[in-house]
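Numbering (this note's numbering), first residue to last: 777 to 1145.
All C-beta atoms, glycine included, are put in the ideal place defined by N, C-alpha and C.
A quick write-up on the structure given underneath.
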Ligand code: ADP
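As structure tokens, then:
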């Protein structure tokens, strides 16, 4: 049960990684699927290429990353026809992402019929959030009928990083409370109590919560009514604006934080404001999750920004010394795993995420259940 192929199928790309145990033995990216001059004509051709480029002998499982598991998929699940229909039924909850995952599953089942396939959901880790944490105070009948609630995303990353943080601190995961901050192109915060998610910042979709590269994060929903009614924008255009022309790109024209940081260093006012908005929002969630958890052992930064931007880490947690949270400047700059001063009541950590490794591990566990 050692070799597992992990597939992350997007609408125009397939990322793959072949594991032998925890070791990566092959990986690659098939891009611009369906475009002229792209790597493959469709998802079927993409998988054919992967099978030609890698040795898939003795494969124990294929693990598929699936964005939305809805209310019912609470753990990684071995795929059969019924599971496929249930994933299909969730397309309205993630119309941009779910169909690509389904294509990946369909072609992998067809081309590797004797290999068990496992769906690993971005939402599943958050299934332990209690009703008071996932329920919005809207008309209960509407919410029930349309499956409207907080689901949360980046679950494989938050789960992995929280577990690694406990290991780093030499504590059992079951008795470690961590606030995990996944800051990549997408970004979300999670309160993890004894290895279980109890609060997270993304909602029905990955638009809620923290400020992101191109997404607004949390806003007053009235902004949408106002843009529709007063500014006359159609609803699809508002969605595009909030998901693709907001966040850092909305404030500065740059979606890459590195560009924002370099303009800020040159005194650019828009970049300075964007940095302040971005880090303040993180601080607000840290404060909220301190209150949700009561006792916090560690705050952990991960993903592209969290792992590589010391200024973001320092500013996000600045002024929190009275709460037992501090960042040591030398440790923060040096690439250390623990960046709080020795003896801090709350450790501040930097832990590289590895969503594919977590998907491979969860796929193996699903087969053993
Ligand atoms: P994804 O969410 O697509 O997996 P990543 O986790 O790779 O993305 O994060 C990508 C983002 O990380 C980039 O947009 C960039 O803003 C940021 N990033 C990467 N390296 C650095 C760095 N050295 N300094 C600041 N930001 C960085």
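If you look at residue 1138, you'll find it in the alpha helix (DSSP H) that goes 1131-1144. Counted as a single uninterrupted DSSP element, the stretch harbouring residue 1077 is not any alpha helix (DSSP H) but the beta strand (DSSP E) occupying residues 1074-1078.
The residue among 789, 788 and 798 with its C-alpha nearest the C-alpha of residue 781 is 798. When DSSP assignments are scanned along the stretch 990-1053, the uninterrupted stretches of alpha helix (DSSP H) that are 4 or more residues long and fall wholly within it turn out to be 998-1005, 1011-1020, 1023-1028 and 1033-1041. For secondary structure counted as the alpha helix (DSSP H) over 4 or more consecutive residues, the stretch 821-872 holds these complete runs in sequence order: 857-864. As computed with DSSP, residue 897 is found in a beta bridge with 842. Rounded to the nearest angstrom, the gap between the Cα atoms of residue 1008 and residue 922 is 26 Å. In this structure residue 1123 touches residue 945 by the C-beta definition: roughly 6 Å separates them, less than 8 Å. Separation of residue 884 and residue 839 (C-alpha to C-alpha, rounded to the nearest whole angstrom) is 10 Å. Per DSSP, reduced to three states, the secondary structure at residue 1071 is coil, with no helix or strand assignment. Leaving aside the five residues that flank residue 910 on each side, the residues in its chain whose CB is nearer than 6 Å to its CB run, in chain order, 925 and 926. In the DSSP assignment, residue 958 is bridged to 964 and 1078.
Closer than 6 Å to some heavy atom of the ligand ADP: that describes the Cβ of residue 1032. The beta carbon of residue 1054 sits closer than 6 Å to the beta carbons of 987 from its chain, once the five residues preceding and following it are set aside; these are given in chain order. For residue 1058, the closest of 1046, 1072, 1069 and 1082 by C-alpha to C-alpha distance is 1082. Residue 784 has its Cβ no nearer than 6 Å to any heavy atom of the ligand ADP.
Distance from the C-beta of residue 1108 to the nearest heavy atom of the ligand ADP is not below 6 Å. A straight-line Cα-Cα distance of about 7 Å links residue 896 and residue 851. Boundaries cannot be given for residue 1118, as no alpha helix (DSSP H) includes it and DSSP labels it neither H nor E.
Between residue 902 and residue 866, the CB-CB gap reaches or exceeds 7 Å. When the Cα atoms are used, residue 1004 and residue 1060 turn out to be separated by approximately 29 Å. The alpha carbon of residue 1098 has as its nearest neighbour, out of 1109, 1120 and 894, the alpha carbon of 1120. Nearest to residue 890 by C-alpha distance, out of 899, 907, 856 and 920, is 856.
Inter-residue distance for residue 994 and residue 981 is about 11 Å (C-alpha atoms, whole angstroms).
Here residue 1141 is exposed, its C-beta having fewer than 16 other C-beta atoms within 10 Å. Burial state of residue 1002 is exposed, judged by a 10 Å Cβ sphere holding fewer than 16 other Cβ atoms. For residue 818, the shortest C-beta to heavy atom distance toward the ligand ADP is 6 Å or greater.
For residue 880, the uninterrupted alpha helix (DSSP H) run begins and ends at 874-887, by DSSP. A Cβ-Cβ separation of about 5 Å places residue 1115 in contact with residue 1103 under the 8 Å criterion.
Along the length of the stretch 910-947, whole alpha helix (DSSP H) runs at least 4 residues long occupy 916-921 and 931-944, reported in chain order.
Contact annotation: the stretch 782-802 touches the stretch 1131-1139, with at least three C-beta pairs closer than 8 Å. Between the stretch 904-920 and the stretch 947-961 there are fewer than three inter-stretch CB-CB distances shorter than 8 Å, so the stretches are not counted as touching.
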